[in-house]
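The block underneath contains the structure these notes are about, expressed in structure tokens.
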Amino acid sequence: MKRRPARRNPVTGRRSADPVTQKRLRQALADRRDAATQSVQEFRSRRLAAAMVQTRRPETDPSAVEAAALAEAHAQQHGLGELPGAPGDSGSAQHSGQGG
Numbered sequence: 001m002k003r004r005p006a007r008r009n010p011v012t013g014r015r016s017a018d019p020v021t022q023k024r025l026r027q028a029l030a031d032r033r034d035a036a037t038q039s040v041q042e043f044r045s046r047r048l049a050a051a052m053v054q055t056r057r058p059e060t061d062p063s064a065v066e067a068a069a070l071a072e073a074h075a076q077q078h079g080l081g082e083l084p085g086a087p088g089d090s091g092s093a094q095h096s097g098q099g100g
């Protein structure tokens, strides 16, 4: 079967793309969109990971300080005395009498 040439719009002179070309263009557009979405997601996950690494400091993290204080209070309630400070843990060193 012989292919007909694409029909021209008499007003603008533009040709309408045949269905095969339209499908190829749609697929290329979808591929570009997927690639852009993927790169944005990778960027966001890298940025989030970097932010989490920066904020993961036990001496400045209030939840870690609260957890240490709660553990110490719990130990004192049950007669265990003060918990020894972990080596390198500046947050609990001030509570265990070693002084920073």
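Quick note on full-length UniProt numbering: the sequence shown kicks off at 1 and runs consecutively. Heads up, the beta-carbon is just placed ideally off N, CA and C, and yes, glycines get one too.
Assuming contact is defined by CB atoms lying nearer than 8 Å, are residue i and residue j in contact in what I supplied?
i, j, result
"S16", "A28", "no"
Which same chain residues end up closer than 6 Å to residue i when comparing Cβ atoms and leaving out the 5 residues on each side of it in sequence?
i, result
"T12", "none"
"R3", "none"
- Hey, which unbroken runs of the alpha helix (DSSP H) at 4 residues or more fall wholly within the region 1-51? none
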